[in-house]
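In this text, residue positions in the sequence shown follow this note's numbering: the first is 11, and each later residue adds one.
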Amino acid sequence: MSRKVLIVTGDGGDSYEALYACHRFLEARWDPVVAAPSRRRLHMVVHDFEPGWDTYVERPGHCLEADVAITAVAAREFAAIVILGGRAPEYLRNDASLLSLVREFADQDKCICAIGHGIQVLAAMGLIKGRTVTCHPYMRVEVDRAGAVFSPKPAVRDGKLVTAQTWKAHPEFYREVFGCLEP
11 MSRKVLIVTG DGGDSYEALY ACHRFLEARW DPVVAAPSRR RLHMVVHDFE
61 PGWDTYVERP GHCLEADVAI TAVAAREFAA IVILGGRAPE YLRNDASLLS
111 LVREFADQDK CICAIGHGIQ VLAAMGLIKG RTVTCHPYMR VEVDRAGAVF
161 SPKPAVRDGK LVTAQTWKAH PEFYREVFGC LEP
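Right, here's the structure in full:
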């Protein structure tokens, strides 16, 4: 089995989620490959919670180099796909090449993982219908409309589908991800 993991993000993606994912996979001796709509430097953001705000705030984060364009990727080369959160999934869910790629991962029965707003990509393609998932609570309406069962847990594994609410769930999420990759 390949020791490569595809990490999908784009401009507006969560900087902390991206850097943590890359480092966590490297620590575990997996090869993370960052994919985005084009191979270039991505402008990432940091999401945080501030007292007195009804929603999260967004600030510029670290930039991240995309190793490969989504159109140049084949699922057969990877053991799993991780779709990161932030604002990037808002437009990535409209990317036909990404939806086709995620479908390849599903058809090949590989691990499919999403954090926070990353669930938007899976919901847009009908991949979560009948599945138990979690996500950022603001995405719950989309999850319900997609026919999934929302769990309030920080991270959830349903077969080879692993989801997390936010970066605050990294410990639980990556335990489930590695449980999926190394059963």
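The beta carbon of each residue, even a glycine, is placed where N, CA and C say it ideally should be.
- Query: Does DSSP put Gly23 in a helix, a strand or coil?
  - Reply: Counting from one through the sequence shown, the residue named residue 23 turns up at place 13. Strand, per DSSP.
- Message: I need the boundaries of the alpha helix (DSSP H) containing Cys190, first residue and last residue.
- Response: Numbered from 1 along the sequence shown, position 180 holds the residue referred to as residue 190. Start and end: 180-191.
- Val43 versus Val112 - alpha carbon distance: Here residue 43 refers to the residue found at position 33 of the sequence shown. Here residue 112 refers to the residue found at position 102 of the sequence shown. About 15 Å.
- Query: What are the complete beta strand (DSSP E) segments, minimum 3 residues, inside the segment 64-145?
  - Reply: 67-75, 90-93, 121-125
- Any non-hydrogen atom of the ligand PLP within 7 Å of Ala165 CB: The model depicted lacks the ligand PLP and carries no ligand whatsoever.
- Stretch-stretch touch, CB-based, cutoff 8 Å, three pairs: the segment 19-27 with the segment 94-107: yes
- Item | Unbroken stretches of the beta strand (DSSP E), 3 residues or longer, contained in the segment 15-59 | 41-46, 51-58
- Using three-state DSSP, classify Arg13 as helix, strand or coil. Residue numbering aside, residue 13 sits at position 3 when the sequence shown is read from its first letter. It is coil, neither helix nor strand.
- Where the beta strand (DSSP E) through Ala165 begins and ends: As a position in the sequence shown, residue 165 is number 155, starting the count at 1. Ala165 -> beta strand (DSSP E) spans 165-168.
- Message: Using C-beta distances below 6 Å, list every residue in its chain close to Leu132, excluding the 5 sequence neighbours before and after it, in chain order.
- Response: By one-based count along the sequence shown, residue 132 stands at place 122. So the qualifying residues of the chain are Ala124, Ile138.
- Check whether the segment 27-43 touches the segment 99-107, counting contact only when three or more Cβ pairs, one atom from each stretch, lie closer than 8 Å. no
- Residues near Ile80 in its chain [Cβ-Cβ closer than 8 Å; skip 5 each side]: For the purposes of this step, residue 80 is identified with residue 70 of the sequence shown, where counting begins at 1. If we look at Ile80 and ignore the five residues flanking it on each side, its Cβ neighbours are Val18, Ala45, Ala46, Pro47, Asp105, Ser107, Leu108, Leu111.
- Just confirm the distance between the C-beta atoms of Met54 and His72, as a whole number of angstroms; I'd bet it's less than 8 Å. In the sequence shown, counting from the first residue as 1, residue 54 sits at position 44. In the sequence shown, counting from the first residue as 1, residue 72 sits at position 62. Their Cβ separation, rounded to whole angstroms, is 6 Å, which keeps Met54 and His72 in contact under 8 Å.
- Hey, Ile87 and Lys170: beta-carbon distance below 8 Å or not? Residue 87 sits at position 77 when you count from the first residue of the sequence shown. Residue 170 sits at position 160 when you count from the first residue of the sequence shown. Residue identity check: residue 87 is Glu in the sequence provided, not Ile. Not a contact, by the Cβ cut-off of 8 Å.
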